[in-house]
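Number of protein chains: 2
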Amino acid sequence: MHEHDLPISEKIKYLQDTLFTISGKWKLPVLMAMYSGASRFTDIQRNVAAITTKVLSKELKDLEEHHLIVREVDRTYPQTISYTVTPYAFTLKPMVDEMISWGKTHRLKIADKLA
Amino acid sequence: MHEHDLPISEKIKYLQDTLFTISGKWKLPVLMAMYSGASRFTDIQRNVAAITTKVLSKELKDLEEHHLIVREVDRTYPQTISYTVTPYAFTLKPMVDEMISWGKTHRLKIADKLA
DNA sequence: CTGTATCCATGATGATACTG
DNA sequence: CAGTATCATCATGGATACAG
Numbered sequence: 001m002h003e004h005d006l007p008i009s010e011k012i013k014y015l016q017d018t019l020f021t022i023s024g025k026w027k028l029p030v031l032m033a034m035y036s037g038a039s040r041f042t043d044i045q046r047n048v049a050a051i052t053t054k055v056l057s058k059e060l061k062d063l064e065e066h067h068l069i070v071r072e073v074d075r076t077y078p079q080t081i082s083y084t085v086t087p088y089a090f091t092l093k094p095m096v097d098e099m100i101s102w103g104k105t106h107r108l109k110i111a112d113k114l115a
Numbered sequence: 116m117h118e119h120d121l122p123i124s125e126k127i128k129y130l131q132d133t134l135f136t137i138s139g140k141w142k143l144p145v146l147m148a149m150y151s152g153a154s155r156f157t158d159i160q161r162n163v164a165a166i167t168t169k170v171l172s173k174e175l176k177d178l179e180e181h182h183l184i185v186r187e188v189d190r191t192y193p194q195t196i197s198y199t200v201t202p203y204a205f206t207l208k209p210m211v212d213e214m215i216s217w218g219k220t221h222r223l224k225i226a227d228k229l230a
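Heads up: the sequence lines are chains A and B, in that order. For the first sequence, the residue numbers in our numbering are 1 to 115. For the second sequence, the residue numbers in our numbering are 116 to 230.
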């Protein structure tokens with residue numbers, strides 16, 4: 001059964017579930033930075049321009065609650081914290097890639113004053 | 116050139132463009148209702164459960180500004196208003212379908228107490 | 001039917017400073 | 001380095017009533 005067979009109300013329900021999980025301006029950018037290899041708090045912050053420590057801290061907690069990332073205290077000296085994306089988080093990647101692709105095209109269209 | 120060749124800063128920029136365009140809880144559910152054929156204000160409102168007229172009105176204006184829908188006054192008597200999705204709006208559909216698909220799976224995982 | 005007008009509540013985001 | 005603490009502001013959304 002493919003998605004287009006679902007009743008519209010179901011589609012919207014699932015869509016809203018997803019929107020809730022990724023809500024806000026920052027969760028996906030943070031995830032993107034982590035897909036690309038950033039695992040330290042400061043690295044992530046540097047990659048996601050303009051995000052403040054307070055907001056990043058909150059987003060990381062939200063992502064952890066949703067089981068999309070894992071926070072680990074490394075047994076090193078001095079101790080460091082590393083965040084890693086879970087396999088589950090990678091199930092979001094096709095969607096994120098599609099969003100990047102759309103955004104890139106969209107920006108070109110806007111430059112042309114759109115259609 | 117594929118998306119994974121882009122520098123991370125570019126990816127995040129495009130991602131944020133897309134997030135900005137679809138921002139909020141309602142734009143995509145409204146678009147989904149319209150993909151499925153709803154074209155009248157009341158029809159859309161009935162399909163997108165719990166959305167208020169004020170919010171729907173605002174979302175429709177936003178979507179129109181982004182050239183994703185078109186508002187038309189039908190030359191009927193009495194006059195009716197119809198909203199239709201533009202071809203451009205359909206370029207978002209793969210992303211929306213992916214979100215529906217992910218949300219469906221996600222809901223199952225949550226039911227299983229997730230992984 | 002297709003909206004507008006208020007008023008209000010909440011959450012999200014931002015600026016800045018500070019800490020172990 | 002990896003955060004927390006405050007304070008402030010702003011955007012989003014919701015309730016309700018009303019109007020052409």
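Cβ coordinates follow ideal geometry from the N, Cα and C atoms, glycine included.
A distance below 8 Å separates the beta carbons of M32 of chain A and V96 of chain A. In this chain, the alpha helix (DSSP H) harbouring Y14 of chain A covers 8 to 21. DSSP assignment within the region 10 to 97 of chain A yields the following whole beta strand (DSSP E) runs of 3 residues or more, N-terminal first: 69 to 74, 80 to 85. Here Y203 of chain B is near H182 of chain B, since their CB atoms are less than 8 Å apart. At least one beta carbon of chain B lies nearer than 8 Å to the beta carbon of A33 of chain A.
In this model, T220 of chain B and I69 of chain A are separated by some 18 Å (Cα to Cα). Closest in alpha carbon position to Q16 of chain A, among B:I123, B:V145, B:F135, B:I127, is B:V145. Just so you know, the alpha carbons of I196 of chain B and T168 of chain B end up roughly 15 Å apart. For E72 of chain A, the CB contacts under 8 Å within the same chain, skipping 5 residues up- and downstream, are I81, S82, Y83, T84 in chain order. Between K208 of chain B and L178 of chain B, the C-beta gap is not smaller than 8 Å, which leaves the two residues out of contact.
Closer than 8 Å to the CB of S151 of chain B there is at least one CB belonging to chain A. Taking a Cβ-Cβ cut-off of 8 Å, V85 of chain A has no neighbours in chain B, whose nearest Cβ is about 13 Å from it. Shown here for A38 of chain A: same chain residues with a beta carbon closer than 7 Å to its own, the five before and five after excluded, namely I44, N47 in chain order. It is roughly 13 Å from the alpha-carbon of Y129 of chain B to the alpha-carbon of K109 of chain A. The C-beta of T133 of chain B has 16 or more other C-beta atoms within 10 Å across all chains shown, which makes the residue buried.
Sequence-ordered contacts of the region 197 to 226 of chain B with chain A read T201, P202, Y203, T206, L207, P209, M210, V211, D212, E213, M214, I215, S216, W217, G218, K219, T220, H221, R222, K224, I225 [C-beta pairs closer than 9 Å]. In the three-state DSSP reduction, D112 of chain A falls in the coil class, being neither helix nor strand. Note that the C-beta distance between I100 of chain A and K140 of chain B is not below 8 Å. By the neighbour-count criterion, in which 16 or more other beta carbons inside 10 Å mark a residue as buried, T76 of chain A falls on the exposed side.
Contact with chain B is absent for V70 of chain A, since none of that chain's Cβ atoms lies less than 8 Å from the residue's Cβ. Residues of chain A with a Cβ closer than 8 Å to the Cβ of L143 of chain B are, in chain order, L15, L19.
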